[in-house]
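Student:
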Amino acid sequence: GDSVTQTEGPVTLSEGTSLTVNCSYETKQYPTLFWYVQYPGEGPQLLFKVPKANEKGSNRGFEATYNKEATSFHLQKASVQESDSAVYYCALRLMSNYNVLYFGSGTKLTVEP
Amino acid sequence: GGIITQTPKFLIGQEGQKLTLKCQQNFNHDTMYWYRQDSGKGLRLIYYSITENDLQKGDLSEGYDASREKKSSFSLTVTSAQKNEMAVFLCASSIAHYSNERLFFGHGTKLSVL
Numbered sequence: 001g002d003s004v005t006q007t008e009g010p011v012t013l014s015e016g017t018s019l020t021v022n023c024s025y026e027t028k029q030y031p032t033l034f035w036y037v038q039y040p041g042e043g044p045q046l047l048f049k050v051p052k053a054n055e056k057g058s059n060r061g062f063e064a065t066y067n068k069e070a071t072s073f074h075l076q077k078a079s080v081q082e083s084d085s086a087v088y089y090c091a092l093r094l095m096s097n098y099n100v101l102y103f104g105s106g107t108k109l110t111v112e113p
Numbered sequence: 114g115g116i117i118t119q120t121p122k123f124l125i126g127q128e129g130q131k132l133t134l135k136c137q138q139n140f141n142h143d144t145m146y147w148y149r150q151d152s153g154k155g156l157r158l159i160y161y162s163i164t165e166n167d168l169q170k171g172d173l174s175e176g177y178d179a180s181r182e183k184k185s186s187f188s189l190t191v192t193s194a195q196k197n198e199m200a201v202f203l204c205a206s207s208i209a210h211y212s213n214e215r216l217f218f219g220h221g222t223k224l225s226v227l
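Those protein sequence lines, which keep their order, are chains A and B. Under my numbering, think of the first position of the first sequence as 1, with each following residue one higher. Under my numbering, think of the first position of the second sequence as 114, with each following residue one higher.
#1: Does the distance from the CB of Thr90 (chain B) to the CB of Ser206 (chain B) come in under 8 Å?
#2: Judging by CA-CA distance, which residue of A:Asn99, A:Tyr98, A:Cys90 and A:Ser79 is the nearest neighbour of Glu15 (chain A)?
#3: Report back the beta-carbon spacing between Leu224 (chain B) and Leu124 (chain B) to the nearest angstrom; my notes put them in contact at under 8 Å.
#4: Would you mind telling me which residues of chain B sit closer than 7 Å to Leu101 (chain A), beta carbon to beta carbon, in chain order?
#5: Does the beta carbon of His220 (chain B) sit closer than 8 Å to a beta carbon anywhere in chain A?
#6: Return the chain-ordered list of same chain residues with a C-beta closer than 7 Å to the C-beta of His74 (chain A), the five sequence neighbours on each side being excluded.
#7: Compare the C-alpha of Ala53 (chain A) against each of A:Ala70, A:Arg60 and A:Val37 and name the closest.
#8: Keeping to the same chain, check which residues put their C-beta closer than 6 Å to that of Pro31 (chain A); ignore five residues upstream and five downstream.
#9: Any Cβ of chain B within less than 8 Å of the Cβ of Tyr39 (chain A)?
#10: Assuming contact is defined by CB atoms lying nearer than 8 Å, are Tyr89 (chain A) and Gly61 (chain A) in contact in what I supplied?
#11: State whether the segment 148 to 163 of chain B contacts the segment 114 to 122 of chain B, with contact taken as three or more CB pairs (one from each stretch) at a distance under 8 Å.
#12: According to the neighbour-count rule (16 or more other Cβ atoms, all chains shown, within 10 Å of its Cβ), is Gly104 (chain A) buried or exposed?
#13: Within the continuous beta strand (DSSP E) that includes Arg149 (chain B), where are the two ends?
#14: At a Cβ threshold of 8 Å, is Glu42 (chain A) touching chain C?
#15: Determine whether the beta carbon atoms of His220 (chain B) and Glu42 (chain A) lie at a separation below 8 Å.
#16: Tell me, to the nearest whole angstrom, how far the beta carbon of Tyr177 (chain B) is from that of Leu158 (chain B); I am working on the premise that it is less than 8 Å.
#17: Name, in chain order, the residues that DSSP records as bridge partners for Ser38 (chain A).
#18: Exposed or buried, Ile117 (chain B), counting other C-beta atoms within 10 Å across all chains shown (16 or more means buried)?
#19: Whose C-beta lies closer than 8 Å to the C-beta of Glu8 (chain A) among residues of the same chain, with five residues either side of it excluded?
#20: At 3 residues or longer, what runs of the beta strand (DSSP E) sit wholly inside the segment 12 to 77 of chain A?
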């Protein structure tokens, strides 16, 4: 079936270090890929989307490249800040039902000063 | 801008009890969703509705009912609460279109069953 699998958490980093959260997907269709972020006490919100293969999405210093060959969409940031502490979800949407978003299991990031 | 309001924020129930969660949105969005959030399992879709009076089952619909009587509101009922169940239920809305950019989420209802 259609699914997304991402880095098991939690992840703890020191401020200024780099972040990679792995996300892989499985589908026979052609997906649109998303990263969502959820800050404490809030609902998830869109970080960015990448609709096309081999393109990159980015926002707030985070970026991810849609690698169709590897079926991956890893989230990266060169230098994390304490304010980046949150849960990160990758998600995919299929054209066969564009109303539904399939989310990964989430990766909780804690950034220590 | 708009907002999604979920009520109540916290819900404590007894085993076997029927519990109802409510969600209101003022985005004038067509589609509304209920997701369940469990630690380590991410967000799992329970029900969604693409218009008033429409209901579509998600992967986790067993044990739940939903109702969309108005475009702006979407309620979820836990038909029989399970002992020691603890989860956060998230409501979301979006436009119903293939170019749909995003889901907008509420802050959640946290359920605890004694």
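Think of the CB as a built atom: it goes at the ideal place given N, C-alpha and C, for glycine as much as any other residue.
Tutor: So, from the data block:
#1: Residue 90 (chain B) cannot be examined here, being either before or after the span of chain B that is shown, 114 to 227.
#2: Checking every option, the nearest Cα to that of Glu15 (chain A) belongs to A:Ser79.
#3: Rounded, the Cβ-Cβ distance is 5 Å, consistent with contact.
#4: Leu216, listed in chain order.
#5: At least one chain A Cβ lies under 8 Å of His220 (chain B).
#6: Non-local C-beta neighbours of His74 (chain A) in its own chain, meaning closer than 7 Å and more than five positions away in sequence, comprise Thr20, Val21, Asn22, Cys23 and Ala64, ordered along the chain.
#7: For Ala53 (chain A), the nearest C-alpha among the options comes from A:Ala70.
#8: Cβ within range, chain order: Leu92 and Leu94.
#9: Tyr39 (chain A) has a beta carbon lying at 8 Å or more from every beta carbon in chain B.
#10: For Tyr89 (chain A) and Gly61 (chain A), no; Cβs fall outside 8 Å.
#11: No: the two stretches stay apart, fewer than three of their Cβ pairs being nearer than 8 Å.
#12: Buried, by the Cβ-count rule.
#13: Bounds of the beta strand (DSSP E) holding Arg149 (chain B) are Thr144 to Asp151.
#14: Protein chains in the displayed structure are A and B, and chain C is not among them.
#15: Yes, these two residues count as a Cβ contact at 8 Å.
#16: Taking a contact as a CB-CB distance under 8 Å, the pair Tyr177 (chain B) and Leu158 (chain B) does not count as one, their CB atoms being some 11 Å apart.
#17: One point to set straight first is that residue 38 (chain A) is Gln, not Ser, in the sequence displayed. Gln38 (chain A) pairs with A:Val87.
#18: Label assigned to Ile117 (chain B): buried.
#19: If we look at Glu8 (chain A) and ignore the five residues flanking it on each side, its Cβ neighbours are Ser105 and Thr107.
#20: Contiguous beta strand (DSSP E) elements confined to the segment 12 to 77 of chain A occur at 19 to 21, 23 to 26, 32 to 38, 45 to 50, 56 to 59, 62 to 65 and 75 to 77, taking only those with 3 or more residues.
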